[in-house]
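Numbering (the working numbering), first residue to last: 5 to 446. Built from N, CA and C at the ideal position, the CB exists for glycine as well. Since the structure is predicted, the reported quantities are computational estimates derived from the model, not experimental observations. Data block below; observations after.
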Ligand code: ADP
């Protein structure tokens, strides 16, 4: 798409940056999401065990009389409790008063102060190590490596002496499986999302660079056109000077003619450079329009300047001022003069002998309207869209013969825009053209 290597590289670089930044944000987001899920699951697991153990603790402590000995009252609170000294079925009871410990994966065990089992509420995990001490929360592995999380509470007898430990725990299998699934989803999902993001970034980088690329192409085209325009008078000057230098002697008439050619080409070059400077100034600067400019006077001045040219070209030039009062706009008089002069100059250049050119001044509610109308050669609809481009000439040979560089209408448009105005063209081939300049009235 882009012919320039640096644009392709920039597009790749932009895509890389977009994708990189999005990737970091996505990974961070994924990590935070994963952590939040972990915390919330872990929190509800703790809450469940805390609430079950709290209820049992409050129910049991009043019935505990002797350390390490479970009284018959406990049996009523936890039906199915199996004393360490008795043989019990591993089926467990189906009449627990605490719903949570009925669920699969839960276990309860009572230990004396040295960690020896007193009683259990089966089923117990196989080979789960016994750990007693001050640690409230413990995470343990059974023989098969399955993880369990338990709360270990020190119980006291009714006369406040230490009785032993009550440990209530549950399997972490479901928790671990859930988190593993989540991790897999994130590990697969994030790279997949990254792929989509990279594709989208490539498209977005292309979109973002399009206006830049267009301006770059315009600047390239402009530079090439400007160089081309400058080359012609320079080449003409060099050829003239070289042809004279080749002569052994030079007459006064020859040197005068040479100097005249050099002066003519120099004038053309200066005009071109001035036009380019004006265009770049109009492009860069935002003008503060503070001075009032009377359009009637301006049009009469333009008429005066072009009268002789029109007579020489056998063209009838007339002004048609439709308003009685003075009509003023805010702006640079010199520039507005240039705008109208460019249009009138073109109208005369592109109108054959015996034709007519009118300069009309009118107004609507908020705008002054300057119309430059001619009965000239006209402009085809396709060309009308392009004539305001810099260095564009409808027929370059014909225009060059008139001395035009293709900057006249571009300058007129730039001036109109810098005065918050517009220029429109209506034209029909072989019938003539009307250029309408619309400027806000001061
Ligand atoms: P140039 O210096 O060649 O006149 P302009 O920018 O003033 O450049 O105009 C661009 C082109 O628009 C010209 O080459 C000419 O073909 C066309 N054009 C401008 N004004 C008229 C007009 N009044 N009638 C017909 N063609 C015109």
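How would you call residue i, buried or exposed, if buried means at least 16 neighbouring beta carbons within 10 angstroms?
i	result
residue 40	exposed
residue 259	exposed
residue 37	exposed
residue 426	exposed
residue 173	buried
residue 149	exposed
residue 431	buried
residue 435	exposed
residue 318	exposed
residue 62	exposed
residue 292	exposed
residue 100	Reliability of the predicted coordinates at residue 100 is poor, the pLDDT of 49 falling under 50, and the value obtained from them is presented with this limitation in mind. Buried.
residue 2	Residue 2 cannot be examined here, being either before or after the span of the chain that is shown, 5 to 446.
residue 143	exposed
residue 324	exposed
residue 252	exposed
residue 131	exposed
residue 161	buried
residue 96	For residue 96, the predicted structure reports a pLDDT of 47, less than 50, and the residue's modelled location is therefore unreliable. The matter cannot be settled from this model.
residue 254	exposed
residue 141	exposed
residue 211	exposed
residue 399	exposed
residue 98	Legend: pLDDT at residue 98 = 48, less than 50; position of this residue unreliable, value from coordinates given subsequently. When all chains shown are included, residue 98 counts as exposed.
residue 333	buried
For the ligand ADP, is there any heavy atom lying closer than 8 Å to the beta carbon of residue i?
i	result
residue 246	no
residue 411	yes
residue 355	yes
residue 347	yes
residue 229	no
residue 22	no
residue 399	yes
residue 325	no
residue 337	no
residue 387	yes
residue 220	no
residue 350	yes
residue 439	yes
residue 418	no
residue 341	no
residue 431	yes
residue 314	no
residue 305	no
residue 308	no
residue 383	yes
residue 391	yes
residue 380	yes
residue 359	no
residue 408	yes
residue 414	yes
residue 396	yes
From which residue to which residue does the beta strand (DSSP E) around residue i run?
i	result
residue 163	Taken as a continuous stretch (DSSP letters only), residue 163 belongs to no beta strand (DSSP E), as it is neither H nor E.
residue 371	371 to 378
residue 14	Not the beta strand (DSSP E): residue 14 falls in the alpha helix (DSSP H), residues 9 to 64.
residue 121	121 to 125
residue 367	360 to 367
residue 431	426 to 432
residue 422	Segment 412 to 422 is the alpha helix (DSSP H) holding residue 422; no beta strand (DSSP E) there.
residue 436	436 to 444
residue 253	Where residue 253 is concerned, there is no enclosing beta strand (DSSP E), given that its DSSP letter is neither H nor E.
residue 225	First-last for residue 225: 177 to 249, but that is the alpha helix (DSSP H), not the beta strand (DSSP E).
residue 320	320 to 325
residue 142	141 to 145
residue 1	Here the chain covers residues 5 to 446 and nothing more, so residue 1 does not appear.
Locate the alpha helix (DSSP H) running through residue i, then write down its first and last residues.
i	result
residue 110	Where residue 110 is concerned, there is no enclosing alpha helix (DSSP H), although the beta strand (DSSP E) it sits in stretches over 110 to 115.
residue 306	299 to 316
residue 294	Careful: residue 294 lies outside any alpha helix (DSSP H) and carries neither H nor E.
residue 339	337 to 353
residue 388	385 to 388
If residue i sits next to residue j, beta carbons under 8 Å apart, how far is it from one beta carbon to the other, in whole angstroms?
i	j	result
residue 364	residue 335	The pair is not a contact, with the Cβ atoms about 19 Å apart (cut-off 8 Å).
residue 30	residue 209	Their Cβ separation, rounded to whole angstroms, is 18 Å, which puts residue 30 and residue 209 out of contact at 8 Å.
residue 418	residue 286	4 Å
residue 74	residue 122	6 Å
residue 371	residue 442	5 Å
residue 344	residue 361	No, residue 344 and residue 361 are not in contact; Cβ-Cβ is about 12 Å, not under 8 Å.
residue 380	residue 356	7 Å
residue 392	residue 414	6 Å
residue 217	residue 45	At roughly 51 Å, the Cβ-Cβ gap does not stay under 8 Å, so residue 217 and residue 45 are not in contact.
Could you confirm whether any beta carbon from chain D is found closer than 9 Å to the beta carbon of residue i?
i	result
residue 361	Judged by its chain identifiers, the structure shown contains no chain D, having just a single protein chain.
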